[in-house]
Amino acid sequence: MENLNNNEKLIPAEEFEKEEISVMLGKDFDLHKVGIKKHVPKTTKYIIYEYRCQQEARRVIRLLHCTHPQCGKVFRKWHNFFDHLRIHTNERPYSCTIPGCNMKFTQRANLNKHMDIHMGIKRFTCNHCCKSFYTRYNLNVST
């Protein structure tokens with residue numbers, strides 16, 4: 033579990049007691065029970081660790097560990113974990129609804145950005161030439 037995201041921090045060993053750690057394998061856990069109203073990736077290659085924080089006894093710490101080969105990333109939030117798992121499953125559940133466009137995306141936010149192109153919405157404007165762009169990347173390339 034050493035591959036934490038940049039915003040994740042390692043938990044000091046003294047913060048929890050070993051006998052309080054719950055370990056659930058992906059094959060034994062139904063991701064649909066989580067209650068997140070978004071597409072649930074079709075994989076069982078993960079482990080869920082849960083334990084109670086000693087300092088805040090009511091607080092449950094959950095670590096979501098991806099066990100796909102050469103990965104091992106760890107997350108604390110379900111939606112970030114689901115988005116990550118789709119990298120391994122190649123699932124693209126969010127489809128463009130514009131006739132003739134077959135683009136599909138792993139995240140709803142990427143679909144929303146894509147829809148800006150169909151709508152002609154350019155959200156990024158250059159401060160020097162006042163030209164507008166669909167993406168920040170294209171704005172940065174132009175300067």
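Residue numbers for the sequence shown follow my numbering, so the first one is 33 and each next one is one higher. Every residue gets a Cβ at the ideal spot worked out from N, C-alpha and C, and that includes glycine.
Test: residue i CB closer than 7 Å to a CB of chain B
i: V72; result: No chain B appears in this structure, which consists of one protein chain only.
Residue i burial status per 10 Å Cβ neighbour count (16 or more: buried)
i: R118; result: buried
i: K65; result: exposed
i: N35; result: Because N35 sits at a pLDDT of 49, beneath the cut-off of 50, its placement in the model cannot be relied upon, and the following sentence gives the value as read from the coordinates. N35 should be labelled exposed.
i: Y169; result: exposed
i: D148; result: exposed
i: T157; result: exposed
i: K163; result: exposed
i: C161; result: exposed
i: T129; result: exposed
i: K59; result: exposed
i: C98; result: buried
Contact under 7 Å by Cβ, residue i with residue j
i: I93; j: Y78; result: no
i: W110; j: I80; result: no
i: T75; j: T121; result: yes
i: M135; j: H150; result: no
i: Y166; j: L143; result: no
Of the residues the options, the one placed nearest residue i, counting alpha carbons only
i: R124; options: F156, F137, D115 and G152; result: F137
i: F107; options: M151, I130, R155 and L95; result: L95
i: R155; options: N142, L171 and R140; result: L171
i: H116; options: S127, Y126 and C103; result: C103
i: A141; options: K70, P101 and R91; result: K70
i: E52; options: L63, C85 and H100; result: C85
i: H100; options: G132, S174, G152 and L57; result: L57
Beta-carbon separation (whole angstroms), residue i vs residue j, contact threshold 8 Å
i: P55; j: F114; result: Per the sequence shown, residue 55 should be read as Val rather than Pro. With 8 Å as the limit, V55 and F114 do not qualify as a contact, their Cβ atoms being about 20 Å apart.
Residues that residue i bridges to, as DSSP identifies them
i: S127; result: K136
i: C98; result: Y78
i: M151; result: M151 is not bridged to any residue.
i: K65; result: The partner list for K65 (beta bridge, DSSP) is empty, contrary to what the question assumes.
i: R84; result: V92
i: L57; result: I79
i: T157; result: S164
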